[in-house]
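Asker: One structure, pasted below without further comment.
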Amino acid sequence: MERLLLKDLVEELAFSDRARGLAPKTIKKHGKSLSLFLKFLEEKNIDSLGMVTVSHVRGFLIKNIEEGKAESYVNSHLRSIRAFFRYCVDENYMREKENPCLYVKWVKERQVVINTFSDDEVKQMLKYAKQRTFTNVKRKDKYHLGLQTKFTNERNYLLLLILVDTGLRISEVMNLKHYHLEESQIKVENGKGKKDRVVHCSPTVYKAYLKYIRVANNFFEYYEITRDEYVFLTKNGKQYSYISAEREIKKIGVASDVNPNIRISPHTFRHYFTQKLVRNGADIYMIQKLLGHASIKTTEVYLRSLNIDNSIERAVKHSPLQTIK
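Sequential numbering of the sequence shown, starting at 4, is according to the numbering used here.
Here it is in structure tokens:
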């Protein structure tokens, strides 16, 4: 029987994932987890596919748990290991019953309650960001007209409005192009899981977008800067990164005296958006659609993590399947 080296198969899986069009983030995550798993196996002098057993997979998970790693972190490793052995089965490198992950269960994760912003905190952040758009910067010379400051302030205010009003992932916001925004809706192309969807947005968002475009045009045209086609840009005309966006959101939150026990990040606005949907009587299927979840189970887990009494029961109250007489 052919001796199949694990390192070769991991490399083959990475190539297959790229060919399938998986997200670079997913491919990178698999690579990191499998690299750690192979290192664990190497310490036990195991380097080929036929040598891996159920005990080895469990041993790797136990090692991470004993090192104090979070249950979700351990399960992320198991997810990658499962994908690896599933690939090996699909490619006929091993039989289904030889898959060592068949008998390895997920690590039970602790239910963490996620606290999000209050309405007052969101109002304060919006107020602070909007006031900055009125900032008048004194002209110093022909290179410092305040156009850049005006541009970045309008950009950050629009970013905040979209996060509050739509619940989009920060990666989805950063990938928005101008044809995605309309007066009352935003189209998300190639979101998580390569899925498209449409979300509603209020007139306030579109009005801020028009102001932002006008200011951005003045800035880039004055300094003759070539722009990318994305909505959110850096001062150099390049696509704005989610890391930079997170940094700006953090600054706005701190300046607005948001509760320091709450994580000030773009994703926390997604939690806030979900809470508002539940409290406003949205059913769980609408919430699933707006959040872009592939499975209703994901939405249920999402709701359970939020600090809302009877959130699941309230969300399914208006479900057609639950209200058929």
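Glycine is no exception: its CB is placed at the ideal position from the N, C-alpha and C atoms.
(1) So S83 and S51 are in contact, right, with Cβ under 8 Å, and what is the actual spacing, rounded?
(2) Relative to the alpha-carbon of L161, which residue among A248, E227, V92 has its alpha-carbon at the smallest distance?
(3) Assuming I117 contacts H274 under a Cβ cut-off of 8 Å, what Cβ separation, rounded to an integer in Å, is found between them?
(4) Tell me the DSSP secondary structure of I189 in three-state form.
(5) Specify the secondary structure class of Y233 as computed by DSSP and reduced to three states.
(6) Out of A219, Q242, M128, which has the shortest C-alpha to C-alpha gap to N262?
(7) Is there contact between the region 215-235 and the region 149-158, where contact requires at least three CB pairs shorter than 8 Å?
(8) On the DSSP bridge list, what partners appear for L129?
(9) Please determine, among Q134, N264, L64, the residue with the shortest C-alpha to C-alpha distance to T155.
(10) Leaving out five residues before and five after A17 in sequence, what residues of the same chain have Cβ atoms less than 8 Å from its Cβ?
(11) Count Cβ pairs between the region 81-97 and the region 41-50 that sit closer than 8 Å; are there 3 or more?
(12) Leaving out five residues before and five after K292 in sequence, what residues of the same chain have Cβ atoms less than 8 Å from its Cβ?
(13) Report yes if the CB atom of G256 is closer than 8 Å to the CB atom of I267, and no otherwise.
(14) Note down, one range per segment and in chain order, each alpha helix (DSSP H) of at least 4 residues found wholly within the region 6-88.
(15) By Cβ distance below 6 Å, which residues in the same chain neighbour E232 in space, the five residues on each side in sequence not counted?
(16) In whole angstroms, what is the alpha-carbon distance linking E69 and I287?
(17) To the nearest angstrom, how far is it from the Cα of M97 to the Cα of K197?
(18) Could you tell me the alpha carbon to alpha carbon distance between I299 and V281, rounded to whole angstroms?
(19) Consult DSSP for V202 and reduce its assignment to one of helix, strand or coil.
(20) Going by the CB atoms, is the gap between N159 and T99 shorter than 8 Å?
(21) Out of curiosity, what's the CA-to-CA distance linking T237 and A219?
(22) Between the beta-carbon of L64 and the beta-carbon of L39, is there less than 8 Å?
(23) Provide the residue span of the alpha helix (DSSP H) that contains V304, from first to last.
(24) I need the straight-line Cα distance from S205 to Y215, nearest angstrom please.
(25) Assign M177 to buried or exposed, taking buried as 16 or more other Cβ atoms, counted over all protein chains shown, within 10 Å of its Cβ.
(26) Give me, in chain order, the residues of the same chain whose beta-carbon lies closer than 7 Å to that of Q241; leave out the 5 immediate sequence neighbours on both sides.
(27) Restricting to Cα atoms, I'd like to know which of K190, G194, E185, Y131 is closest to S174.
(28) Please work out which residues of its chain come closer than 8 Å, Cβ to Cβ, to K111, disregarding the five sequence neighbours upstream and downstream, and give them in chain order.
(29) Distance check for Y131 and V125, CA to CA, integer angstroms please.
Answerer: So, from the listed chains and residues:
(1) Actually they are not in contact, since the Cβ atoms of S83 and S51 sit about 19 Å apart, beyond 8 Å.
(2) A248
(3) 6 Å
(4) strand
(5) strand
(6) M128
(7) yes
(8) Partner(s): none; L129 has no beta bridge.
(9) Q134
(10) I30, H33, G34
(11) no
(12) R200
(13) yes
(14) 9-23, 27-45, 57-69
(15) K180
(16) 37 Å
(17) 30 Å
(18) 15 Å
(19) strand
(20) Strictly speaking, residue 99 in this sequence is Glu, with Thr absent from that position. No, the pair does not count as a contact, with Cβ atoms beyond the cut-off.
(21) 10 Å
(22) no
(23) 299-307
(24) 16 Å
(25) buried
(26) The sequence given here places Lys at residue 241; Gln does not occur at that position. So the list reads D231, once near-sequence residues are dropped.
(27) G194
(28) E74
(29) 10 Å
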